[in-house]
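Contents: one structure, followed by commentary.
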Amino acid sequence: MILSGCRSNTSDSGSSTLVEFRQYSVTPTFVTRLASGVQAFTLISSDDTLRESPNFVFGGMADGAGLLRNPDGTFTFVCNHEDNFAVSRVILDQTFRPVRGEYLMTSNDGLYRLCSATMVTPEIHGVARPQFITCGESGFDSQIHIVDPYGRPSETDRILTSFGYWSAENAVTLPKGTYPNRTVTLIGDDDFANGGELVMYVGQGTGNFDNGKLYVARRKNSTSTRERDMVVGQTYPIEFVEITNATTRPAAEFNSESRRLNALLFGRVEDIDYRKGSDAAARELYFCVTGQAWGGNRNANNDRTMYGRVYRLMLDANNPLEGTLEVIFDGDDINGPAREFMNVDNICVTENYVYIQEDANRYRPNSGELTGVSTVFDAQRQNHDARIYQWRIGSPTSTLSVFMEVGPIRDGGALQRKYIAPINTDGRPTNWFVGSDGRFAIGEWEYGAMIDVSNETGRPGTFLVCVQTHTWRQGGQIPGRDFRNPDRGTLPAAQGPTNLGEGSYVLILTNVPR
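The sequence shown begins at 1 in full-length UniProt numbering and counts up one residue at a time.
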């Protein structure tokens, strides 16, 4: 099995005899930059017609994902569609070709924007059967679902009330051997308004998601809650302190109680992943903080990062409630190795590497979002599309490199016209970001999950990467297949401005260093 954020560490390698990696989709890869030796193919996109379910439309904003290898040699791919508030299930045949799709959860049950996800399994996490944990990220009062990847559509999910209320990006459960007889899950709170917390759930026993306790991270020996008081090169002792009565506390109290407890307030905690290789290695975790504009009313005092950071969390060997925190990369340091970061979001950690994925939320010069930021400081990172960066763990941070870049073609031809929508589906002009070099729609695409499928396919170094193509819109006035409301849910929030008929796609990468 595999799960979002490259959390595969099962020893069952499966059979690779029939698996064939090639271009299965009608949609190009749009990869403009790729590390030497790595190959890319498109697995599935919103434009593809699957032979066993021709009416199925793979939704937009593909984000958190997981893969299971089935007993008959086929595969089950489960994927969040963020602004559709939905979860799809796609069956791949023994060659890895997508053949059938359906929606496990529509917006009627999804209720929130669904971002990253984690597939927990019996082999790794000690649960009775595989489960897909997917987080709501529509505001402070969102909750976290657990979905049966093999269940009947619309009858597969329930809310994990013990996980509380957060605007959560991901909930990442550690392997069962990391803390025996305990279920430890890290949650990233992607709160825009007041800063997000790093949250931990601890349940007694293996695979217990229902009656544990909930904690938030704070610094030991310091009352500072300010993110930017922590700097590169220093190690900070932290502890996780309990939020009591988590199952009965009203949603509005989770943020206020976190502040009463002096919880660290980050500029939107995004994806989290742990190091692979052993149960002990999994106590070394990395997470992205995506950043918020300096200016406006959300981060006006510059307490939180603007362009994004990557942190390393080292948990105590015996007590998961204690550990240390380090800033590994700081995108706000114009002289540092991360000086071209543009809102890092998803993260994938293997045994030896960290892969850092961008969600380039461009800041607008005339909006007040760049108050106090020099033009040079901002412009240096405004002329690239969404990147994945690679860093080998233990090497100097100066060795951080660009692993991949993805973006639309801008040649004035058919591909530009198709994949960069000239108008929104409501008829308004589309004002895509223009870089200082004159190229338009710069950085408008972003990544979802990057997951390691080496063990499932029997091919070491094989990964899947979800791509959110925000300029690719079909529906209403835009000709072609209608991407709007692909799950056929009826939740009003998923039918409004956020559902603009976006497409998305999933890449296969081979020969990726692990």
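Cβ atoms here follow ideal geometry from the backbone N, Cα and C, with glycine treated the same way.
Checklist line | Rounded straight-line distance, which links the Cα of Tyr355 to that of Phe341 | finding: 13 Å
Notebook entry, point to check: Does the distance from the CB of Gly448 to the CB of Gly64 come in under 8 Å?
Noted result: yes
Note to self: Looking at the secondary structure, which residues open and close the alpha helix (DSSP H) in which Arg182 lies?
What the structure shows: Counting along the chain, Arg182 falls outside any alpha helix (DSSP H), though it belongs to the beta strand (DSSP E) covering 182 to 189.
Checklist line | For Asp359 and Glu405, the rounded distance between their alpha carbons | finding: Each residue's alpha carbon lies about 12 Å from the other.
Notebook entry, point to check: To the nearest angstrom, how far is it from the Cα of Thr425 to the Cα of Phe483?
Noted result: Residue placement at Thr425 is poorly supported in this model, since its pLDDT is 48, which falls under 50; the coordinates are not used for a value here.
Check: Does the pairing of the stretch 123 to 131 with the stretch 229 to 239 give three or more beta-carbon distances under 8 Å?
Finding: The stretch 123 to 131 is not in contact with the stretch 229 to 239.
Note to self: Does Glu169 come out as helix, strand or coil in the three-state DSSP assignment?
What the structure shows: strand
Note to self: Quick check on Gly110: does DSSP put it in helix, strand or coil?
What the structure shows: helix
Checklist line | Touching by the beta-carbon criterion (3+ pairs, under 8 Å), the stretch 242 to 250 and the stretch 302 to 316 | finding: In this structure the stretch 242 to 250 does not lie against the stretch 302 to 316, because fewer than three pairs of beta carbons, one per stretch, are closer than 8 Å.
Next item on the list: Kindly indicate the opening and closing residues of the alpha helix (DSSP H) around Phe254.
Entry: 252 to 260 is the span of the alpha helix (DSSP H), which, as asked, contains Phe254.
Next item on the list: Mind checking which residues open and close the alpha helix (DSSP H) that includes Arg417?
Entry: Secondary structure note for Arg417: its alpha helix (DSSP H) is the uninterrupted segment 414 to 419.
Item checked: Residue from Gly394, Val434, Phe403 whose Cα sits closest to the Cα of Arg410 -> Val434
Notebook entry, point to check: Thinking C-alpha only, which one of Phe403, Ser222, Ala168 is nearest Cys288?
Noted result: Ala168
Item checked: Coarse secondary structure for Ser504, derived from DSSP in three states -> It is a strand residue.
Next item on the list: Identify every run of the alpha helix (DSSP H) within the stretch 263 to 317, keeping only runs that are complete inside it and at least 4 residues long; order them along the chain.
Entry: none
Notebook entry, point to check: Do Ala40 and Val26 have their C-beta atoms within less than 8 Å of each other?
Noted result: no
Notebook entry, point to check: When we look at the beta-carbon of Gln23 and count the other beta-carbons within 10 Å, is it buried (16 or more) or exposed?
Noted result: exposed
Check: In terms of DSSP beta bridges, what is Cys135 paired with?
Finding: Ile144
Check: Whole beta strand (DSSP E) runs in the stretch 196 to 259 with 3 or more residues, listed along the chain?
Finding: 198 to 204, 213 to 219, 235 to 243
Notebook entry, point to check: Tell me the DSSP bridge mates of Leu400?
Noted result: BP columns for Leu400 are empty, so no partner.
Item checked: Nearest-angstrom beta carbon gap, Cys466 and Val506 [assumed within contact, 8 Å] -> 5 Å
Check: Roughly how many whole angstroms lie between the Cα atoms of Cys115 and Arg309?
Finding: 19 Å
Next item on the list: Apply the 10 Å Cβ neighbour rule to Pro250 and answer buried if 16 or more other Cβ atoms are within range, or exposed otherwise.
Entry: exposed
Next item on the list: Name the two residues that bound the continuous beta strand (DSSP E) containing His384.
Entry: Annotation for His384: no beta strand (DSSP E) segment contains it, and DSSP assigns it neither H nor E.
Item checked: Helix, strand or coil at Glu351 according to DSSP, with G and I counted as helix -> coil
Notebook entry, point to check: Taking Cβ to Cβ, would you say Met200 is nearer than 8 Å to Tyr179?
Noted result: Taking 8 Å as the Cβ cut-off, Met200 and Tyr179 do not qualify as a contacting pair.
Note to self: Considering only DSSP beta bridges, list what Phe75 is partnered with.
What the structure shows: Arg69, Leu92
Next item on the list: Look at the Cβ atom of Asn343, then the Cβ atom of Tyr307, and state whether they are nearer than 8 Å.
Entry: yes
Item checked: Extent of the continuous beta strand (DSSP E) to which Ser454 belongs -> Membership of Ser454 in any beta strand (DSSP E) is not indicated; the residue belongs instead to the alpha helix (DSSP H) covering 454 to 457.
Next item on the list: Can you tell me the Cβ-Cβ gap for Thr106 and Arg339, rounded? I've got them flagged as a contact below 8 Å.
Entry: About 42 Å separates the beta carbon of Thr106 from that of Arg339, a gap too long to meet the 8 Å contact definition.
Next item on the list: Tell me whether Gln382 is buried or exposed, calling it buried when 16 or more other Cβ atoms sit within 10 Å of its Cβ.
Entry: buried
Next item on the list: List the endpoints of the continuous beta strand (DSSP E) containing Glu102.
Entry: Segment 98 to 105, the beta strand (DSSP E) holding Glu102.
Note to self: Using the Cβ count rule (16 or more neighbours within 10 Å means buried), how would you classify Asn84?
What the structure shows: buried
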